[in-house]
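Number of protein chains: 4
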Amino acid sequence: MIDNEKLALTLRSFARARDWDQFHTPKNLATSISVEAGELLELFQWSRGQKGWDDVIDSSIRSRIEEELADILLYLIRFADKAGIDLQAIAERKIALNAEKYPAERFRGSDRKYDE
Amino acid sequence: MIDNEKLALTLRSFARARDWDQFHTPKNLATSISVEAGELLELFQWSRGQKGWDDVIDSSIRSRIEEELADILLYLIRFADKAGIDLQAIAERKIALNAEKYPAERFRGSDRKYDE
Amino acid sequence: MIDNEKLALTLRSFARARDWDQFHTPKNLATSISVEAGELLELFQWSRGQKGWDDVIDSSIRSRIEEELADILLYLIRFADKAGIDLQAIAERKIALNAEKYPAERFRGSDRKYDE
Amino acid sequence: MIDNEKLALTLRSFARARDWDQFHTPKNLATSISVEAGELLELFQWSRGQKGWDDVIDSSIRSRIEEELADILLYLIRFADKAGIDLQAIAERKIALNAEKYPAERFRGSDRKYDE
Chain A
50 MIDNEKLALT
60 LRSFARARDW
70 DQFHTPKNLA
80 TSISVEAGEL
90 LELFQWSRGQ
100 KGWDDVIDSS
110 IRSRIEEELA
120 DILLYLIRFA
130 DKAGIDLQAI
140 AERKIALNAE
150 KYPAERFRGS
160 DRKYDE
Chain B
50 MIDNEKLALT
60 LRSFARARDW
70 DQFHTPKNLA
80 TSISVEAGEL
90 LELFQWSRGQ
100 KGWDDVIDSS
110 IRSRIEEELA
120 DILLYLIRFA
130 DKAGIDLQAI
140 AERKIALNAE
150 KYPAERFRGS
160 DRKYDE
Chain C
50 MIDNEKLALT
60 LRSFARARDW
70 DQFHTPKNLA
80 TSISVEAGEL
90 LELFQWSRGQ
100 KGWDDVIDSS
110 IRSRIEEELA
120 DILLYLIRFA
130 DKAGIDLQAI
140 AERKIALNAE
150 KYPAERFRGS
160 DRKYDE
Chain D
50 MIDNEKLALT
60 LRSFARARDW
70 DQFHTPKNLA
80 TSISVEAGEL
90 LELFQWSRGQ
100 KGWDDVIDSS
110 IRSRIEEELA
120 DILLYLIRFA
130 DKAGIDLQAI
140 AERKIALNAE
150 KYPAERFRGS
160 DRKYDE
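This is how it looks when you write it as structure tokens:
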């Protein structure tokens, strides 16, 4: 379980204590998610992580991955909190949409979903 | 609450049914998070969302925001599931790190945290 | 003038001398462009650069902007060189396409081009 | 050769005719570069372009790659024009920096440059 309500409250008081709420516009938080996603991606810029999951066991890489994933998740929770969006509900809805869009029998073994 | 364990199981069987597990390398999932973050950011490419949260009330924009947030969250959950990473734990750890890194009294009202 | 042919040749021998050609796949170079674009964006994550161009005169920021712009340009030139794409030709073609897509009289003063 | 001065002039009058200059802040142009880089990356989200350059010969993909590369280049030229940055000069300076940072004998055949 991710206790996003509690994390959101912590982030709220974190921002309040620093008077950072003024900077948390939709545009700035979307920017932050993108910046952090770029930092995660940088860890896999060349060969790493191309074949499988063994590459991420190494502890120095692992802790950097964890930090970037956490950053993305926290900005996501902050965005949803400010916008009044229920993350669990939209995740379920998106899975239902994907099930319709990519019927198993038609997309089996193909990664061309984004190109058609 | 986000039931990430249950969502992760659904994503697992979703991938299994389409034989997509082969494509879910660390590099490809990090790429996917970045691509979806870019699609969220595109909604705020120009003036929108610069001032405050009123811009995201409009229903057509709102549903696109929800879809992009959901995509990012689902790829995040999928990545963590494949890597054996506990999202709640890393989020709590990151908040603790941030509290140390940005003492309230020193960073009050300043958005220069990333630049110094 | 940007002497992209000469820069491309320099990048070729740079890669050859380090045996890096093997890493310069389309996917890895597209990843690199995205990672560097994220680093540029990070400089504008919060308030900076929101109002106008005065923010980028400050010399420490300016030299970081220049490094990120250069990185993006060099990966762009490298990608085009590997793919046999003429950057000047595609830039001209894209401007012609944009002129058709956004007739001046219809889009004057509106930044909603991406949303319709 | 890329005639960036001439392209910059065309982009200036393009923006003027649409009264878009107001939207071309450093932050918005950095955002645009990142958004377009994400669209390029999306073409390589899964298997495509992982092995080599044969994947980009296919004409439908090729024309999409060309459009995304052109978008990135045009926003780069627009940013540099607004900021008064000489793209050729910064590209040369960056190559010199990279030559120092990655001595050929030490980095031969290794793609770990970003990770150590």
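Which chain is which? The protein sequence lines are A, B, C and D, in order. For the first sequence, our numbering assigns the number 50 to the initial residue and increments by one for each residue that follows. For the second sequence, our numbering assigns the number 50 to the initial residue and increments by one for each residue that follows. For the third sequence, our numbering assigns the number 50 to the initial residue and increments by one for each residue that follows. For the fourth sequence, our numbering assigns the number 50 to the initial residue and increments by one for each residue that follows. Beta carbons are placed, not taken as given, at the ideal position from N, Cα and C, and that holds for glycine.
Helix, strand or coil at residue i according to DSSP, with G and I counted as helix
{"i": "D164 (chain C)", "result": "Residue placement at D164 (chain C) is poorly supported in this model, since its pLDDT is 47, which falls under 50; the coordinates still yield a value, given next. If DSSP states are grouped into helix, strand and coil, D164 (chain C) belongs with the helices."}
{"i": "A145 (chain D)", "result": "helix"}
{"i": "I51 (chain C)", "result": "strand"}
{"i": "G101 (chain C)", "result": "coil"}
{"i": "P152 (chain B)", "result": "coil"}
{"i": "I110 (chain C)", "result": "helix"}
{"i": "T74 (chain C)", "result": "coil"}
{"i": "I82 (chain C)", "result": "helix"}
{"i": "G133 (chain A)", "result": "coil"}
{"i": "L123 (chain D)", "result": "helix"}
{"i": "R65 (chain D)", "result": "helix"}
{"i": "D128 (chain C)", "result": "The amino acid at residue 128 (chain C) is misidentified as Asp; the sequence shows Phe. Helix at F128 (chain C)."}
{"i": "G87 (chain C)", "result": "helix"}
{"i": "L92 (chain A)", "result": "coil"}
Residue i: contacting residues in chain A (beta-carbon distance under 8 angstroms)
{"i": "F63 (chain C)", "result": "Simply none; closest approach about 15 angstroms."}
8 angstroms Cβ shell around residue i - same chain, five flanking residues per side excluded
{"i": "R111 (chain B)", "result": "V105"}
{"i": "F128 (chain B)", "result": "P75, L78, A79, I82, I134"}
{"i": "I114 (chain C)", "result": "L89, L92, V105"}
{"i": "E165 (chain B)", "result": "Its pLDDT being 46, under 50, E165 (chain B) is placed unreliably in this model, and the value from its coordinates should be taken loosely. Within the same chain, E165 (chain B) has no close Cβ partners at all."}
{"i": "A132 (chain C)", "result": "P75"}
{"i": "H73 (chain C)", "result": "A64, R127, K131"}
Residues that residue i contacts on chain B, provided the C-beta gap is smaller than 7 angstroms
{"i": "D160 (chain C)", "result": "W95, S96"}
Cβ neighbours of residue i in the same chain (closer than 7 angstroms, five flanking residues each side left out)
{"i": "G101 (chain D)", "result": "none"}
{"i": "E85 (chain C)", "result": "E117, D120, I121, Y124"}
{"i": "N53 (chain A)", "result": "I126, L136"}
{"i": "Q94 (chain C)", "result": "none"}
Chain C within 8 angstroms of residue i, Cβ atoms only
{"i": "T80 (chain A)", "result": "yes"}
{"i": "N77 (chain A)", "result": "yes"}
Cβ neighbours of residue i in the same chain (closer than 6 angstroms, five flanking residues each side left out)
{"i": "D130 (chain D)", "result": "A57"}
{"i": "G98 (chain C)", "result": "D104"}
Amino acids of chain B, ordered along the chain, whose beta-carbon sits closer than 9 angstroms to that of residue i
{"i": "G87 (chain D)", "result": "S83, V84, E85, A86, G87, E88, L90, E91"}
Interface residues of chain D facing residue i [CB-CB closer than 7 angstroms]
{"i": "L58 (chain C)", "result": "Simply none; closest approach about 11 angstroms."}
Closer than 8 angstroms to chain A by CB, residue i
{"i": "F128 (chain C)", "result": "no"}
{"i": "I110 (chain C)", "result": "no"}
Chain A residues whose Cβ lies nearer than 9 angstroms to that of residue i
{"i": "R142 (chain B)", "result": "E115, E116, A119"}
Under 8 angstroms by beta carbon: chain D residues contacting residue i
{"i": "K131 (chain C)", "result": "W102"}
Interface residues of chain C facing residue i [CB-CB closer than 7 angstroms]
{"i": "A153 (chain D)", "result": "A66, R67"}
Closer than 8 angstroms to chain D by CB, residue i
{"i": "F72 (chain B)", "result": "yes"}
C-beta neighbour in chain B for residue i, strict 8 angstroms
{"i": "D107 (chain A)", "result": "no"}
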